[in-house]
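Have a look at the structure below, then the notes.
Number of protein chains: 2
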Amino acid sequence: MDNDLILLGHGSGGKLSHRLLSDLVLPILSGVPASGQNDAALITHNGQKFAFTTDSYVVDPIFFPGGNIGSLAVNGTINDIAMMGARPLYMSVGLIMEEGFSRSELKTILDTMREAADKAGVAIVTGDTKVVPRGKADKIFINTSGVGVIEHQLVIGGNRAQPGDKILINGAIGDHGITILAQREGLDLVSDIQSDCAALNDLTFEILKEGEAVHVLRDPTRGGVATTLKEIALQSQVGMILDESSLPYNDAVKGVCAILGLDPLYVANEGKLLLIVAPQAAEAALERMKAHPLGRQSAIIGEVTEDTRGRVEINAISGGTRAVEMLAGEQLPRIC
Amino acid sequence: MDNDLILLGHGSGGKLSHRLLSDLVLPILSGVPASGQNDAALITHNGQKFAFTTDSYVVDPIFFPGGNIGSLAVNGTINDIAMMGARPLYMSVGLIMEEGFSRSELKTILDTMREAADKAGVAIVTGDTKVVPRGKADKIFINTSGVGVIEHQLVIGGNRAQPGDKILINGAIGDHGITILAQREGLDLVSDIQSDCAALNDLTFEILKEGEAVHVLRDPTRGGVATTLKEIALQSQVGMILDESSLPYNDAVKGVCAILGLDPLYVANEGKLLLIVAPQAAEAALERMKAHPLGRQSAIIGEVTEDTRGRVEINAISGGTRAVEMLAGEQLPRIC
């Protein structure tokens, strides 16, 4: 393997991504403490705290059950801001299109973006359009960057998980990734699942009512729940123990994963969040989440343990425990 | 011609781009008055005015005399903010790479980005990395979005040009576009020119000392000086008359354009700004610009006239006048 080449796995959100980030990308960031590796940057201007984030979307196919690349791009960036406990306000849209891409598909995508932004109360305020010759891109890539304001004094971040904290999720795991996979491979058997693509800012607003008990908010997108929890465990220097029987799945996702030999814990989600909260607030947070349309299937899925090496384990339904690691390599390229 | 297809010209910054923007892209923007079509969006939060902008860079080749896709991406976004009269502060970086792209080239590009950002006093605070399979992108595309603060009470914008105003530029026209063209076509004859790629925020800071006399600041990138002035004329509902003999060019650019039949007024610049200023302040502005390292060759190149239809004309050296229109079609794809 030529070590000088960028591999698909470098974009997976897993181990290779982490290494690339540490080696090459993080050194160009300034003013960001390494411990602050979160979904968005925290910036302060004249005493006002802002969250600022960017994401490029290269999902294939661009249309799928439950959304398209446009709704994904809007909701994904809203969620990165929401996971900072911030209120998303403004968004930019950067389009890179391949010559010959369909104007009517573009219109559908842009309409969806406006709709998704309106629904979440976010204004798309600036944009850019580039076109490259046929064969130099694949249909359309969309970058969205966003700015939100932080209107509370809470300190939330991937390095704030504490032993004893409870780990919650707001619903079924793996829907987005399996929907994309099924669409790409033409698997008819899963016609009853769709992407969970959704804006989570209203749900996080509810959760933040738990105040200082809220320690971590993170959306398990690329790399899935497993990679995201492992990241947090390493950042916080804690361990975690998950209870497999409490993990919410839709049957179709379980079925496809069983057939294809995939572990749904590594499959991407686009409308899910992981909440790590002080134990005494866990039940109240769960109730708030269940009362929200995007949290009906919420569950407490595990807890934070004492372990300085960031070990994450799962109590298997079949008995025994197994270790949870970051995604190695690339399971599903171009999932978002 | 199939009207449903996106053409290369839709990314040129010229006529086709404008039509696509008006038809499809601008309708998704909210809270932005149409008259405010500038390089960046103006947003106000708690009385503090910010500029927010995004640009994706797809330049081919990615390395060229005077810079690379990284310095272009950093300086281009800084300039969009600076043209709003804002002080650029924070930037995001979104990378889309093709599988198999060189890690060492990536490192060079990222190092250049950090260097360019440091030089301009801007912090890169957040980023995103995506990888697509070989053949689904061309080496690397970079999105940069940026946030700046507006620390003055001036009203600057493309709709503020007034009859009698003077039009200034800070130096030679067409260097970036011709450098890219020469590099791409292997033209040895132009080995003595290089891209003018540079951050203009320090120069605009000097110019803003002219206070209320400053009406428009705009960087003539895609579509060149001609398209940019035509845009401003339409936005401000004024005319313009340029003096061809006052337009600053480097000899190599003039030579290449003559040989290839290109009009340098339509060629992209990456370190130039057009300033439209009240007549009584023009000489002082010119002196300030000439005193700046990025403005040695500054010149007054024309003036704003009364004409509600946005007519831009040029007094040709050869005698007579000719009309200046927006770039039609695509002259040089992937120039930035």
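Top to bottom, those sequences are chains L and B. Using the working numbering, you'd call the opening residue of the first sequence number 1 and step up by one each time. Using the working numbering, you'd call the opening residue of the second sequence number 1 and step up by one each time. Just so it is clear, CB atoms sit at the ideal spot from N, CA and C, and this is done for glycine as well.
Going along chain L, which residues have a C-beta under 7 Å from residue i?
i	result
residue 266/B	Here the premise fails: no neighbours, minimum Cβ distance about 17 Å.
Strictly below 9 Å CB to CB, what residues from chain D border residue i?
i	result
residue 96/L	This model lacks chain D altogether, as its protein chains are L and B.
Identify the continuous beta strand (DSSP E) that holds residue i and give its terminal residues.
i	result
residue 111/B	Unbroken run through residue 111/B is the alpha helix (DSSP H), 103-120; no beta strand (DSSP E).
residue 269/L	Note, residue 269/L: premise wrong, no beta strand (DSSP E); not H, not E.
residue 49/B	48-57
residue 322/B	321-324
residue 303/L	299-305
residue 87/L	87-98
residue 215/B	214-218
Tell me whether the beta-carbon of residue i lies closer than 7 Å to the beta-carbon of residue j.
i	j	result
residue 113/L	residue 59/L	no
residue 244/B	residue 172/B	no
residue 328/L	residue 15/L	yes
residue 117/L	residue 201/L	no
residue 216/B	residue 193/B	no
residue 13/B	residue 223/B	yes
residue 80/B	residue 40/B	yes
residue 109/L	residue 137/L	no
residue 8/B	residue 330/B	yes
residue 134/B	residue 105/B	no
residue 159/L	residue 295/L	no
residue 123/L	residue 92/B	no
residue 67/B	residue 195/B	yes
residue 225/B	residue 277/B	no
residue 197/L	residue 270/L	yes
residue 126/B	residue 44/L	no
residue 237/B	residue 305/B	no
Listing by chain order, which chain B residues have their CB less than 8 Å from the CB of residue i?
i	result
residue 126/L	29, 32, 40, 41, 52, 53, 54
residue 4/L	102, 103, 104
residue 119/L	Ordered by position in chain B, no residue passes the 8 Å Cβ test against residue 119/L, which lies about 12 Å from the chain.
For residue i, which residues in the same chain have their Cβ closer than 8 Å to its Cβ, ignoring the five residues on either side in sequence?
i	result
residue 303/L	164, 165, 166, 167, 240, 241, 279
residue 57/L	69, 72, 73, 76, 141, 142, 143, 144, 336
residue 187/L	181, 256
residue 184/B	60, 61
residue 204/L	82, 83, 85, 217, 273
Using a Cβ cut-off of 8 Å, pull out every chain L residue sitting near residue i, in sequence order please.
i	result
residue 129/B	10, 11, 17, 20, 21, 25
residue 113/B	28
residue 107/B	24
residue 90/B	41, 43, 52
In or out: residue i buried (at least 16 other Cβ within 10 Å) or exposed?
i	result
residue 88/L	buried
residue 259/L	exposed
residue 264/L	buried
residue 155/L	exposed
residue 291/B	exposed
residue 46/B	exposed
residue 250/B	buried
residue 219/L	buried
residue 284/L	exposed
residue 228/B	buried
residue 235/L	buried
residue 161/B	buried
residue 130/L	buried
residue 261/L	exposed
residue 17/B	buried
Residues in its own chain within less than 7 Å of residue i by CB, not counting five upstream and five downstream?
i	result
residue 286/L	168, 298, 300
residue 334/L	58, 59, 60
residue 139/B	62, 98, 101
residue 281/L	210, 213
residue 266/L	223, 224, 226, 227, 327, 331
Terminal residues of the continuous alpha helix (DSSP H) containing residue i?
i	result
residue 25/B	Neither: residue 25/B is in no alpha helix (DSSP H) and is coded neither H nor E.
residue 19/B	15-20
residue 78/B	69-82
residue 236/B	224-236
residue 201/L	201-207
residue 125/L	That residue, residue 125/L, is in no alpha helix (DSSP H); its beta strand (DSSP E) goes 123-132.
residue 288/B	282-290
residue 412/B	Nothing can be reported for residue 412/B, as the shown portion of chain B is limited to 1 through 336.
residue 176/L	175-185
So which residues of chain L does residue i contact, with C-beta pairs closer than 9 Å?
i	result
residue 48/B	45, 46, 48
residue 110/B	24, 25, 27, 28
Apart from the five residues just before and just after residue i, which ones in its own chain have a Cβ nearer than 6 Å to its Cβ?
i	result
residue 206/L	288, 292
residue 49/B	150
At a CB-CB cut-off below 7 Å, which residues of chain B make contact with residue i?
i	result
residue 87/L	Those within 7 Å of residue 87/L in chain B number zero; the least Cβ separation is about 11 Å.
residue 218/L	By Cβ distance, chain B contributes nothing, its closest Cβ being about 15 Å from residue 218/L, past 7 Å.
Show which residues of chain B have a CB atom less than 9 Å away from the CB atom of residue i.
i	result
residue 200/L	Going along chain B, no residue has its Cβ under 9 Å from residue 200/L, so there is no contact; the nearest lies around 18 Å.
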